[in-house]
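So the structure is just underneath, and the comments pick up after that.
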Ligand SMILES: [Zn+2]
């Protein structure tokens, strides 16, 4: 399936990029609010299970209440909600109380715009581009949430597994065989590492969300990419972790979110995996 606008690929990509900027604003909201909504649900369920009185609190959902400044609670005006431009125009501060606005907002908006432009340029206005974009945006949101909360919500990782298998029903990225084995092998490989590490050291090195995320990556791009993803993510994770201990004085007992490394390695494998694999195998081919 492919839609032709009758304009150049670069112009189509530019339009896609603008839509991506707008979607980036929505991704920011999901990153900040989904964990709040989940925690409030868990608290309600726990109180219900323990037969305690429900708390009276204002429910926070993705849609409500409207965006407010975290400093002074002033609702954010529509013309201050324009992706990227508002941040530049306000010079990164709230108009009312001058509280600095988190750099996460323009960064996520910019990445969302670039990703949309990239996939539309590569694949045109096609279902492949749409799949690639949903995959990338899910990884972006998971990265944001894991950095803030050390949490990879099932509400994103599980649908990402099913959608990857669905996309590969007709072999969009890999054959269905490779996708199904990828999902199973992805989950089991980190599950095995987790239990081996726990039995040897008594510590938990990662969470179940990490297994589900690697299962999703396997479902999208097949089992062949899993060794590269594990290698890339653990190597960069170790480097960043050790650098953090040496240069920033990070407490080495403090757990570090592994999801962002998996997501970044997964995205690179999704986009450049074939080239990396053939280049790497090419080294042994002389
Ligand atoms: Zn303010």
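Numbering (this note's numbering), first residue to last: 1 to 286. Don't be surprised by glycine CBs; every beta carbon is placed ideally from N, CA and C. Source: prediction; values computed, not measured.
How long is the line joining the alpha carbons of residue i and residue j, rounded to whole angstroms?
i           : j           : result
residue 13  : residue 206 : 38 Å
residue 208 : residue 191 : 8 Å
residue 269 : residue 76  : 38 Å
residue 19  : residue 81  : 14 Å
residue 48  : residue 55  : 10 Å
residue 266 : residue 278 : 17 Å
residue 230 : residue 262 : 7 Å
residue 197 : residue 165 : 30 Å
residue 7   : residue 43  : 52 Å
residue 103 : residue 204 : 31 Å
residue 86  : residue 98  : 14 Å
residue 168 : residue 9   : 26 Å
residue 291 : residue 52  : The displayed coordinates of the chain run from 1 to 286. Any statement about residue 291 would go beyond what the structure contains.
residue 46  : residue 39  : 10 Å
residue 248 : residue 239 : 13 Å
residue 72  : residue 96  : 8 Å
residue 236 : residue 202 : 24 Å
residue 129 : residue 245 : 40 Å
residue 37  : residue 60  : 6 Å
residue 163 : residue 2   : 20 Å
residue 11  : residue 84  : 20 Å
residue 140 : residue 264 : 9 Å
residue 58  : residue 154 : 24 Å
residue 158 : residue 94  : 37 Å
residue 280 : residue 79  : 49 Å
residue 225 : residue 273 : 7 Å
residue 4   : residue 243 : 48 Å
residue 63  : residue 50  : 29 Å
residue 170 : residue 241 : 40 Å
residue 200 : residue 217 : 27 Å
residue 90  : residue 33  : 23 Å
With a CB to CB cut of under 7 Å and the five nearest residues on each side skipped, what residues in its chain are close to residue i?
i           : result
residue 259 : 142, 143, 146, 152, 209, 210, 213
residue 92  : 100, 101
residue 16  : 116, 117, 120
residue 215 : 161, 183, 186, 187
residue 174 : 168, 221, 222
residue 41  : none
So, for residue i: in the same chain, excluding its five sequence neighbours on each side, which residues have a beta-carbon less than 8 Å away from its beta-carbon?
i           : result
residue 257 : 146, 147, 150
residue 88  : 106
residue 276 : 228, 268, 269
residue 108 : 24, 27, 28, 31, 140, 144
residue 172 : 127, 128, 131
residue 35  : 145, 148, 149, 151, 153
Residues in the same chain with beta-carbon distance under 6 Å from residue i, minus the five sequence neighbours each way, listed in chain order, please.
i           : result
residue 138 : 156, 160
residue 233 : 261, 262, 265
residue 74  : 96
Span of the alpha helix (DSSP H) holding residue i?
i           : result
residue 89  : 85-89
residue 194 : 176-201
residue 159 : 154-167
Check the Cβ-Cβ distances between residue i and every residue of chain C, and say whether any is below 8 Å.
i           : result
residue 151 : The structure shown has no chain C; it contains just one protein chain.
Examine ligand 2 and report whether any of its heavy atoms sits within less than 7 Å of the Cβ of residue i.
i          : result
residue 71 : Annotation note on ligand 2: not contained in the displayed structure, which lists ligand 1 as its ligands.
request  = Mind the definition here: the region 243-254 touches the region 217-229 only if three or more C-beta pairs lie below 8 Å; say whether that holds.
outcome  = no
ask   = If you scan the region 5-52 from start to end, which runs of the alpha helix (DSSP H) of 4 or more residues do you find wholly inside it?
value = 9-49
key: Complete alpha helix (DSSP H) runs within the region 118-146 (minimum length 4 residues, chain order)   = none
request  = Taking 8 Å as the threshold, find out whether the region 132-143 comes into contact with the region 178-197 through three or more Cβ pairs.
outcome  = no
Runs of alpha helix (DSSP H) lying entirely within the region 219-259, each at least 4 residues, in chain order = 226-243
request  = Please confirm if the region 164-183 is in contact with the region 109-125, defined as three or more CB-CB distances below 8 Å between the two stretches.
outcome  = no
message = For the pair the region 22-32 and the region 98-114, tell me if three or more CB-CB distances fall below 8 Å.
response = yes
key: Cβ contact check for the region 26-36 and the region 62-73: 3 or more pairs under 8 Å   = yes
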